[in-house]
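The opening position of the sequence shown corresponds to residue 0 in the numbering used here, with each subsequent residue numbered one higher. For glycine and all other residues, C-beta sits at the position ideal for the given N, C-alpha and C.
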Amino acid sequence: MGWAYYINLNPSYYRRLKQLLIISYRIPTKVEGSIKFRLAIHKKQPFTSYDADLEKHAKEILSTADTVIWGRGTYQGMYSYWPSVPSNPSASQHERNHAEWIEKTAKIVFSTTLEKVEWNNTRLVKENVEEEIKNLKQQPGKDMVILGSPRFAHYLMQLDLIDEYKITVSPVLIGSGLPLFQGLKEKINLKLIENKTFDSGAIGLVYQTVR
């Protein structure tokens, strides 16, 4: 599964906002790439083998977070799928584990159009996005992670609120997709702090925002 973004004011005190993403390069291939989430599972279009290696990688990343942040569209997609996984006989053990994790994890949905959210441990925020995120970062707890929500992530990038990008590059050319970085008015300097290669040929990259 794919996701992640961070906020990094003072890692020893502040919470960080992460975003995890799985991407495949666009054609023509450029560094910005394009997003193709494993949430394509909803469309039955997995684009790479999601093996035990990647499952372990995802679990390690999510173990550092206690809050999930979404925009409206991703929240609705997640809510339509994950609550039903525990009772789905065809669900894998990894999916069941993730469903359990996401059920008990705090979830925050940013939307100006939603009137309510019904998922357990979920809170709706309708305004003052920048102020809300900054306040969240100063509260005690683990990191916060954006799972999906690329358009909302683009908005947070423009506000310079993302501290860390965890990106898994899949060895697949897909020819289309949503640009990974879009609408930036200022360049964002990044520092590579981790990289690993998986048996599937995917590459896990971790970049910190340099301020």
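In terms of Cβ geometry, I145 and I68 form a close pair [threshold 7 Å]. Contact annotation: G70 and F109 have beta-carbon atoms nearer than 7 Å. Annotated as proximal: Y206 and L191, with beta-carbon spacing under 7 Å.
With respect to L177, P149 sits close: the two C-beta atoms are nearer than 7 Å.
Excluding sequence positions up to five before and after A98, its CB lies within less than 6 Å of the CB of W81, V84, P85, all in the same chain and listed in chain order. Per DSSP, the continuous alpha helix (DSSP H) segment holding G72 begins and ends at 71–78. Using a 10 angstroms sphere on the CB of L172, the tally of other CB atoms stays under 16, which defines it as exposed. Pairing N188 with S89, the inter-Cα distance amounts to about 43 Å. Within the same chain, Cβ atoms closer than 6 Å to the Cβ of T196 are found at I202, the five residues on either side in sequence being excluded. For F109, the three-state secondary structure derived from DSSP is strand. Counting C-beta atoms within 10 angstroms of its own C-beta, T111 has fewer than 16 neighbours from the protein chains shown and is therefore classed as exposed. According to the DSSP assignment, R210 belongs to no alpha helix (DSSP H), since it is labelled neither H nor E. Cβ-Cβ separation between K141 and T63: approximately 6 Å, consistent with a contact (criterion under 8 Å). Under the three-state reduction of DSSP output, S169 falls in the strand class. In its chain, beyond the 5 residues on either side, V84 have a beta carbon closer than 6 Å to the beta carbon of E94. The three-state reading of DSSP puts K184 in coil, since its state is none of H, G, I, E or B. By the neighbour-count criterion, in which a residue is buried when 16 or more other Cβ atoms sit within 10 angstroms of its Cβ, K165 is buried.
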